[in-house]
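Asker: The structure that follows is given in the form of structure tokens.
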Amino acid sequence: MAATAALPNKRIAFSSVENRCVLLFYDFLGQYLSFRTLPSHQVRYERMDGPVNGSNFNLRDEIKAYWSERAATFDQSPGHEIFSEEEREAWHRLIARHLGAGQGRTALDLASGTGVVSLLLDDLGFDVTGLDWAEPMLERARAKADAKGRRIAFRLGDAENTMEPDNHYDVITNRHLVWTLVDPEAAFAEWLRILKPGGSVLIVDGDFVNATSFGRLIQQLASIAQRLGFTPSETAQLPQQLVETHRNILSRVHFADGARADAVVELLRKAGFQDITIDTDLRRIHRAQAKHMDFWKGLARGSQHRYAIKATKAT
């Protein structure tokens, strides 16, 4: 559940030329995207999870408070909520190719937020439980499930300490959670514990800290276009206090320097997972999302280091 400093402005219609540029960019990018298993790399980080300014209000409390406040506007952002059947189908494809059909198997969606991924899993036939530690997020998830007539159990809980039984779930999913974890090593060990033997975790995440060279070029061009009046500026912004809170929180989490896929894989291996693969072919999802973003933000989406990681518990 990754935060973004800007809420979406009113959708901007692309010209045919802009649409063609976006599609050509994703087709070009696609030739570099494939399934792969990465070698191990030694990575060490220092955990930073202590009281803030000598108080009992620690980093986890700050994160929980932030997402509780963000719940009201979370679904307004492309990349959070799903805005088209094209994107929904792309997510179905991604989940199914890694986890297969649900067939009544048990799934735990961690940091389930407003229930976006939980509903996708339910679409595919999983018996879904959504876990989130922000009650305002859960309230919205329950309302969405009720409106669709879905039977999904949404419960209050901590992704790093779920309190779930041993060997209980067939699959675990999470989207944009890992890069915000305070202690991913402990979290991965926890997920291994509650998975059934042979069960799998599917992580969808990315490095949202470090822009690629192409991403930096896009940012510069977007800034120039805005100054020249070719691109309207985003008018719907988060309150500055929330922006600063978000920035402060992310400077103190484990992956403060960016959640690179190989670093995540190393911690998964250390926790005991095996058969780990990284899938960077998310272009169907990104292309669908880009249609609901402004032109430059849509281009930037495909340039980021985003990935899905599947890892399995030994039988």
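Residue 293 in numbering that gives the first Met the number 0 is what sits at position 294 of the sequence shown, and the numbering runs on without skipping anything.
Beta carbons: idealized from backbone N, C-alpha and C, even for Gly.
With respect to the alpha helix (DSSP H) encompassing Gln199, which residues constitute its N-terminal and C-terminal limits?
Answerer: Sequence index remark: in the sequence shown, residue 199 carries index 200 (1-based). Per the sequence shown, residue 199 should be read as Ser rather than Gln. Run containing Ser199: none in the alpha helix (DSSP H); it sits in the beta strand (DSSP E), Leu194 to Asp206.
Asker: Smallest Cα separation from Asp204: which of Ala289, Gln303, Asp74 and His291?
Answerer: Taking the sequence shown and counting its residues from 1, the one referred to as residue 204 is at position 205. With distances taken between Cα atoms, Asp204 lies closest to Gln303.
Asker: Closer than 8 Å is the cut-off here; do at least three beta carbon pairs connect the stretch 134-154 with the stretch 265-276?
Answerer: No: fewer than three Cβ pairs fall under 8 Å.
Asker: Quick check on Leu180: does DSSP put it in helix, strand or coil?
Answerer: The residue you call residue 180 lines up with position 181 of the sequence shown. Leu180: coil per DSSP, three-state reduction.
Asker: In whole angstroms, give me the CA-to-CA distance for Tyr25 and Ala95.
Answerer: Stepping through the sequence shown from its first residue, residue 25 is reached at position 26. Stepping through the sequence shown from its first residue, residue 95 is reached at position 96. Low confidence applies to Tyr25: its pLDDT is 49, below 50, so where it sits in the model is not reliable, and the reading given next is rough at best. Rounded to whole angstroms, Tyr25 to Ala95 spans 22 Å at the Cα level.
Asker: So, with DSSP's three-state summary, where would you put Asp121?
Answerer: The count along the sequence shown starts at 1 and reaches residue 121 at position 122. If DSSP states are grouped into helix, strand and coil, Asp121 belongs with the helices.
Asker: Within the continuous alpha helix (DSSP H) that includes Asn247, where are the two ends?
Answerer: The residue given as residue 247 occupies position 248 in the sequence shown. Unbroken alpha helix (DSSP H) run through Asn247: Gln239 to Leu249.
Asker: Are there three or more Cβ pairs, one per stretch, closer than 8 Å when the stretch 261-269 is compared with the stretch 66-84?
Answerer: No, because fewer than three Cβ pairs between the stretch 261-269 and the stretch 66-84 fall closer than 8 Å, the two stretches do not touch.
Asker: Hey, out of Arg87, Ile248 and Ala186, whose CA is closest to Leu58's CA?
Answerer: Working through the sequence shown from its first residue, we reach residue 58 at position 59. Minimum Cα distance to Leu58 is reached at Ile248.
Asker: Does Pro164 pass the burial test, meaning 16 or more other C-beta atoms within 10 Å, or should it be called exposed?
Answerer: In the sequence shown, counting from the first residue as 1, residue 164 sits at position 165. Pro164 comes out exposed.
Asker: So the alpha helix (DSSP H) Ala89 belongs to, where does it begin and stop?
Answerer: Residue mapping note: residue 89 aligns to position 90 of the sequence shown, counting from 1. That run of the alpha helix (DSSP H) goes Glu84 to Leu98.
Asker: Going by CA-CA distance only, name the one from Arg192, Lys312, Leu281 and Thr314 that's closest to Ala89.
Answerer: Here the question's residue 89 lines up with position 90 in the sequence shown. Residue Leu281 is the option with its Cα nearest to Ala89.
Asker: Please report how far the alpha carbon of Ile277 lies from the alpha carbon of Tyr306, in whole angstroms.
Answerer: Locating residue 277 in the sequence shown gives position 278, where the first residue counts as 1. Locating residue 306 in the sequence shown gives position 307, where the first residue counts as 1. Roughly 7 Å between the two C-alpha positions.
Asker: So Ile62 is in the beta strand (DSSP E); what residue range does that whole segment cover?
Answerer: Counted from its first residue, the sequence shown places residue 62 at position 63. Not the beta strand (DSSP E): Ile62 falls in the alpha helix (DSSP H), residues Leu58 to Phe73.
Asker: Exposed or buried, what is Asn160 when buried is set at 16 or more other beta-carbons lying within 10 Å of its beta-carbon?
Answerer: Position 161 of the sequence shown, counting from 1, holds the residue named residue 160. Counting Cβ neighbours within 10 Å, Asn160 comes out exposed, since fewer than 16 surround it.
Asker: In whole angstroms, what separates the C-alpha of Gly156 from that of Ala146?
Answerer: Residue 156 sits at position 157 when you count from the first residue of the sequence shown. Residue 146 sits at position 147 when you count from the first residue of the sequence shown. So the alpha carbons of these two residues sit roughly 23 Å apart.
Asker: How should Thr314 be labelled, buried or exposed, when 16 other C-beta atoms within 10 angstroms of its C-beta is the threshold for buried?
Answerer: Start at 1 with the first residue of the sequence shown, and residue 314 comes out as number 315. So Thr314 counts as exposed.
Asker: If you compare alpha carbons, which of Thr279, Glu243 and Lys63 is closest to Leu130?
Answerer: To locate residue 130, count along the sequence shown from 1; it is residue 131. Of the candidates Thr279, Glu243 and Lys63, the one whose C-alpha sits nearest the C-alpha of Leu130 is Lys63.
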